[in-house]
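Novice: Please read through the structure below; I'll follow up with questions.
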Amino acid sequence: MFLPTIPTPEEALDKAFSRAKKAASKTRTSKIPRQMKGKRVEEARVKTSCQVIIASFQSILDKTPKVEDLPMFYQDYIDVVVGVDELKKSLGALNWAVALLSKIENQYVHKIRRSKSENAASIRREAFGRISSIMNRIREELTFLDYAKARLRNMPTIDFEATTAVIAGFPNVGKSTLLRKLTTAEPKVADYPFTTTGIQIGHLERRWKKYQIIDTPGLLDRSIKDMNEIELNAMVALEHLADVILFIFDVSETSGYLMDSQFKLLEEVKRVFNTPVICIFNKIDLVDNLNNLELYKSIVNESLMVEASEGKGISQVLDKLEEFGDVKQKYSRADD
Ligand SMILES: Nc1nc2c(ncn2[C@@H]2O[C@H](COP(=O)(O)OP(=O)(O)OP(=O)(O)O)[C@@H](O)[C@H]2O)c(=O)[nH]1
Ligand SMILES: [Mg+2]
Numbered sequence: 006m007f008l009p010t011i012p013t014p015e016e017a018l019d020k021a022f023s024r025a026k027k028a029a030s031k032t033r034t035s036k037i038p039r040q041m042k043g044k045r046v047e048e049a050r051v052k053t054s055c056q057v058i059i060a061s062f063q064s065i066l067d068k069t070p071k072v073e074d075l076p077m078f079y080q081d082y083i084d085v086v087v088g089v090d091e092l093k094k095s096l097g098a099l100n101w102a103v104a105l106l107s108k109i110e111n112q113y114v115h116k117i118r119r120s121k122s123e124n125a126a127s128i129r130r131e132a133f134g135r136i137s138s139i140m141n142r143i144r145e146e147l148t149f150l151d152y153a154k155a156r157l158r159n160m161p162t163i164d165f166e167a168t169t170a171v172i173a174g175f176p177n178v179g180k181s182t183l184l185r186k187l188t189t190a191e192p193k194v195a196d197y198p199f200t201t202t203g204i205q206i207g208h209l210e211r212r213w214k215k216y217q218i219i220d221t222p223g224l225l226d227r228s229i230k231d232m233n234e235i236e237l238n239a240m241v242a243l244e245h246l247a248d249v250i251l252f253i254f255d256v257s258e259t260s261g262y263l264m265d266s267q268f269k270l271l272e273e274v275k276r277v278f279n280t281p282v283i284c285i286f287n288k289i290d291l292v293d294n295l296n297n298l299e300l301y302k303s304i305v306n307e308s309l310m311v312e313a314s315e316g317k318g319i320s321q322v323l324d325k326l327e328e329f330g331d332v333k334q335k336y337s338r339a340d341d
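As numbered in my numbering, residues 6 to 341 make up the sequence shown, in order.
Here is the structure:
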C-alpha cells in the first residue's frame, strides 16, 4: 500500500510558517493604505499557515486508500503488520486537526479584522501558538503514520484472479525447492513483514490460466499452539487467499521430523484452514522401504509422490493444481 509522505510536527509547522512569511511579504508590497497593511499582513500569515497544513493533511487523507475498500487479504495484512484500528485512529487525528485548523483560521482572521492595528501581531502570535499545540497533540499519530508508511511500503502484490496455493510443512522438508520447481522463474522473494522471514510468491501460467504459489517461512511450519496472536492473524489472512494448501511431507524424515508429527501438523492445518489440502510426499528418493510409502498414502485422501530436488512428480502437482483452477473458475463464473 502506498502512503504519502508524513511530516513531523516540526516539518509541518516550518513549512506553514515560512509560507506564511512569503504570503505576508507579498501583502506588504501591495498597494493598500499603510495603516491597513499591518492587519492584512497578520491576516495573511494566519490564513496561509492554516491552509498549508490543511492542504497537506487533506492530501494525505485523499491519497490513503480506505482499508475497508481493500480486498480482505490486504485488510488482514494491514491489521497484522501495523494494526487497522491504530491506522484508522491516526487518520482520524488528521481529520480532527483539519477541522480544528479551519476553525482557528476563521476565528483569528475575524479577530484580526476587528482588532486595532497595534494588536494584530499579538493575535497572530496567539493563533500560531494554537496551531503549534494542535501539531503537538497529534505528534504520536504522525509518528505512527510514518511507521505504517514504511511497514506497508512493499505489501505483497497478490493476483486475486489466479488460483492460489499456499505451502505448509515443517522446516527443511523441501517447500522452497518445490516452489522453485513449480514456478519456472525465480520466485519473487520480498521482505514482506508478514512473517519473520518474509513471504515468497511464485507465479506460473498453464493453459492460459494463472497460478500463484505462496511460501510463508516461519509460519505454517510449526505447531499452531506455539503461535502468538499476530501469527494466528497472519494465518487467517492466508486462509482468505488459499484455494488449496500444498502440505509437504519429508517421507525420509531426514529433516528431523518424524512422520508421526508431520501428520499431526497436517491435522492442525486442516483444522484451522477451511481449504482443500493436497498432500505431497517429498524426498521419496531417500526411502528404502516402499511399504512405508503405501502406508502413508492410505492415511490421506489425496497425495502425490515427489522428488522436488530433481523435479520428479512436479507435472502431477501441476495437473492437480489445474483441477483446483478449474473449480475456482467455475465458481467465480457462477458469482458473476
Ligand atoms: N534427497 C532429496 N532432497 C531434497 C528433496 N527436496 C528438497 N531436498 C533438500 O532438502 C533440503 C531442504 O529443502 P528446502 O527446499 O530448503 O526446504 P524448506 O522446507 O523450504 O525449508 P525451510 O525454508 O527451512 O523451512 C535442501 O537441502 C534440499 O536440497 C528431495 O526430493 N530429495
Ligand atoms: Mg524454505
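Ideal placement from N, C-alpha and C gives every residue a C-beta, glycine not left out.
In this text the structure is predicted, and so the values were computed from the model without any measurement.
Please enumerate, following chain order, all residues with a beta carbon closer than 7 angstroms to at least one heavy atom belonging to ligand 2.
Specialist: Taking each Cβ in turn, the ones that pass are Lys180, Ser181, Asp220, Pro222.
Novice: Between Leu246, Gly43, Ala98, which has its C-alpha nearest Ser122's C-alpha?
Specialist: Of Leu246, Gly43, Ala98, the residue nearest in Cα terms is Gly43.
Novice: Run the proximity test for Gly97: is its beta-carbon closer than 7 angstroms to any non-hydrogen atom belonging to ligand 1?
Specialist: For ligand 1, not one heavy atom lies less than 7 angstroms from the Cβ of Gly97.
Novice: As a quick exercise: from Lys154, Ile235, Val322, pick the residue whose alpha carbon is nearest that of Ser95.
Specialist: If we check each option's Cα against that of Ser95, Lys154 comes out closest.
Novice: Using 8 angstroms as the threshold, is the C-beta distance between Lys269 and Gly179 below it?
Specialist: The answer is no: Cβ separation not under 8 angstroms.
Novice: Taking C-beta to C-beta, are Leu224 and Glu234 nearer than 8 angstroms?
Specialist: In this structure, Glu234 does not lie closer than 8 angstroms to Leu224 by Cβ.
Novice: Along the beta strand (DSSP E) that carries Leu271, what are the first and last residues, could you check?
Specialist: Counting along the chain, Leu271 falls outside any beta strand (DSSP E), though it belongs to the alpha helix (DSSP H) covering 264 to 277.
Novice: Can you list the beta strand (DSSP E) stretches of 3 or more residues lying completely in the segment 213 to 249, in chain order?
Specialist: 214 to 220, all fully within the segment 213 to 249.
Novice: So for Leu157, helix, strand or coil by DSSP?
Specialist: Coil at Leu157, not helix or strand.
Novice: Going by C-alpha distance, which of Ala49, Phe22, Ser23, Ala21 is nearest Thr34?
Specialist: If we check each option's Cα against that of Thr34, Ala49 comes out closest.
Novice: Ser107 lies in the alpha helix (DSSP H); which residues open and close that run?
Specialist: It spans 89 to 119 - the alpha helix (DSSP H) in which Ser107 sits, taken as one unbroken run.
Novice: Helix or strand or just coil, what does DSSP make of Leu187?
Specialist: Reduced to three states, the DSSP call for Leu187 is helix.
Novice: Identify which residue in Tyr216, His115, Asp290 has its Cα closest to the Cα of Ser314.
Specialist: Answer by Cα proximity: Asp290.
Novice: When the distance is taken between beta carbons, is Gly316 closer than 8 angstroms to Lys186?
Specialist: Yes; because the gap between Cβ atoms is below 8 angstroms, this pair is in contact.
Novice: State yes or no: is the C-beta of Leu326 nearer than 7 angstroms to some heavy atom of ligand 1?
Specialist: No.
Novice: Give a single yes or no on whether Gly174 has its beta carbon closer than 7 angstroms to a heavy atom of ligand 1.
Specialist: Yes - ligand 1 has a heavy atom lying nearer than 7 angstroms to the Cβ of Gly174.
Novice: Does DSSP put Thr10 in a helix, a strand or coil?
Specialist: Thr10 falls in the coil class under three-state DSSP.
Novice: Hey, Phe254 and Met264 are a contact pair by Cβ (cut 8 angstroms); roughly how many whole angstroms apart?
Specialist: Right, their Cβ atoms sit about 7 angstroms apart.
Novice: Indicate whether Ala132 and Val51 have their beta-carbon atoms separated by less than 8 angstroms.
Specialist: Yes. Within cutoff.
Novice: For Ile11, which residues in the same chain have their Cβ closer than 7 angstroms to its Cβ, ignoring the five residues on either side in sequence?
Specialist: For Ile11, where only same-chain residues beyond five positions count, the Cβ hits under 7 angstroms are Ile65, Leu147, Leu150, Asp151, Lys154.
Novice: If you measure between the beta carbons of Ile219 and Thr169, is that distance less than 8 angstroms?
Specialist: Result yes, Cβ atoms of Ile219 and Thr169 sit closer than 8 angstroms.
Novice: Any chance the CB of Asp290 is under 7 angstroms from a heavy atom of ligand 1?
Specialist: Yes, ligand 1 has a heavy atom inside 7 angstroms of this Cβ.
Novice: In whole angstroms, what separates the C-alpha of Glu312 from that of Ile143?
Specialist: In a straight line, the C-alpha of Glu312 is about 57 angstroms away from that of Ile143.
Novice: On the three-state DSSP scale, how would you describe Ala167?
Specialist: Three-state DSSP puts Ala167 in coil, outside helix and strand.
Novice: Can you list, in chain order, the residues of its chain whose CB lies under 8 angstroms from that of Lys68, leaving out five sequence neighbours each side?
Specialist: Taken in chain order, the residues that qualify are Phe7, Leu8, Pro9.
Novice: So is the beta-carbon of Glu312 under 7 angstroms away from any non-hydrogen atom of ligand 1?
Specialist: It does: the Cβ of Glu312 is within 7 angstroms (strictly closer) of some heavy atom of ligand 1.
Novice: Is it true that the CB of Leu246 sits closer than 8 angstroms to the CB of Val171?
Specialist: Their beta carbons are under 8 angstroms apart, which means Val171 touches Leu246 by this criterion.
Novice: For ligand 1, I want to know if Asn287 counts as a neighbour, meaning its beta carbon is within less than 7 angstroms of at least one of the ligand's heavy atoms.
Specialist: Flag set: Cβ of Asn287 near ligand 1.
Novice: So if DSSP puts Glu312 in a beta bridge, which residue, or which two residues, is it bridged to?
Specialist: DSSP output for Glu312 lists Lys317 as bridge partner(s).
Novice: Among residues of its own chain, excluding the 5 on either side of Gln56, which ones have a beta-carbon nearer than 6 angstroms to its beta-carbon?
Specialist: Excluding residues within five positions, none has a Cβ falling inside 6 angstroms.
Novice: With DSSP run on the structure shown, which of helix, strand or coil describes Asp341?
Specialist: In this prediction, Asp341 has a pLDDT of 48, which is less than 50 and means its spatial position is unreliable; nothing more can be read from the coordinates.
Novice: Report back the beta-carbon spacing between Leu298 and Phe286 to the nearest angstrom; my notes put them in contact at under 8 angstroms.
Specialist: That belief holds up - the Cβ atoms of Leu298 and Phe286 are roughly 7 angstroms apart, short of 8 angstroms.
Novice: Which residues share a DSSP beta bridge with Cys284?
Specialist: Bridge partners of Cys284: Phe252, Ser308.
Novice: Quick check on this structure: which residue in Ala102, Ile128, Ala104 has the alpha carbon closest to the alpha carbon of Gly114?
Specialist: Contrary to the premise, residue 114 reads as Val rather than Gly in this sequence. Answer by Cα proximity: Ile128.
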